[in-house]
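If you want my numbering, it's the 1-based position in the sequence shown plus 1. The beta carbon of each residue, even a glycine, is placed where N, CA and C say it ideally should be. These numbers were taken from a predicted model, which means no experiment stands behind them. One structure is given below, encoded as structure tokens.
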Amino acid sequence: MMILPILNYPDKRLRIKAKHVDSVDETIQNLIKDMFETMYAKDGIGLAATQVDRHLQVVVIDVPDSQNDYQLLLKNRQNDSYKQPKRQHPLYFINPKIKEKDGQETHTEGCLSVPDFQAEVQRANHIKVEALNEKSEVFTLQATGLLAICIQHELDHLKGILFVDYLSKLKQKRLLEKTKKMIKG
């Protein structure tokens, strides 16, 4: 397994729509392993293949057990002495599609492709997602709360959408200016 480089906003490759996976073969299985390794190394809770410059409909997720653990994770990503909350619920989705969604929840989101930035985003708080597993079998998952939010966030990546696209034009402009200054050094 290896840690893959993550594309950072405003890289145009983050806007590429991911392609359907025709066959769940060893290449896809290895990609999933590498994506988990990358996500854990970067203290993330979700990662889409698009973020690692592989434009395939593949997503990995492992959300903390509690909202408090998630908030601590967001606040302490930069603190080397911080011990990451224990997470043992790895999920992956191949060719995922949201079949149903309802309710609304506003949640603070961050993104491995938009480092050091968080914002409130409103999303459905209950979803039903359908995807393939490692045997190319279709499965369905009902999700609520943080898991539902994370799935929607990652599936947006597969469509070339970033969570910052949900912000006002003014906030988007400020973020872009700040990011460009950081890139120039």
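Identity of the residues DSSP links to residue i by a beta bridge
i      : result
Gly47  : Ile62
Cys112 : Val115
Ala144 : Ile128
Asp103 : His127
Ile17  : Looking at the DSSP assignment, Ile17 forms no beta bridge with any residue, so it has no partner.
Nearest-angstrom Cα separation, counted from residue j out to residue i
i      : j      : result
Leu171 : Asp26  : 44 Å
Val115 : Thr107 : 19 Å
Glu135 : Met36  : 15 Å
Gln89  : Ile62  : 10 Å
Ile162 : Leu8   : 14 Å
Met3   : Met40  : 11 Å
Asp23  : Asn31  : 15 Å
His56  : Phe118 : 24 Å
Glu178 : Thr51  : 23 Å
Residue nearest to residue i in terms of C-alpha spacing, selected from the options
i      : options                : result
Gln58  : Ile29, Gly47, Ala19    : Ala19
Ala125 : Lys100, Phe118, Val139 : Lys100
Gln143 : Lys182, Leu92, Lys179  : Leu92
Arg175 : Pro11, Pro6, Leu5      : Pro11
Residues near residue i in its chain [Cβ-Cβ closer than 7 Å; skip 5 each side]
i      : result
His127 : Lys102, Asp103, Gly104, Thr145, Ala149
His193 : Because the chain spans 2 through 186 in this model, residue 193 falls outside it and cannot be assessed.
Asp54  : Leu8, Arg14
Integer Cβ distance of residue i from residue j, believed to fall under 8 Å
i      : j      : result
Gln173 : Val165 : 6 Å
Val122 : Glu110 : 5 Å
Leu159 : Val60  : 7 Å
Neighbourhood of residue i by C-beta distance below 6 Å, restricted to the same chain and skipping five residues each side
i      : result
Cys112 : Phe164
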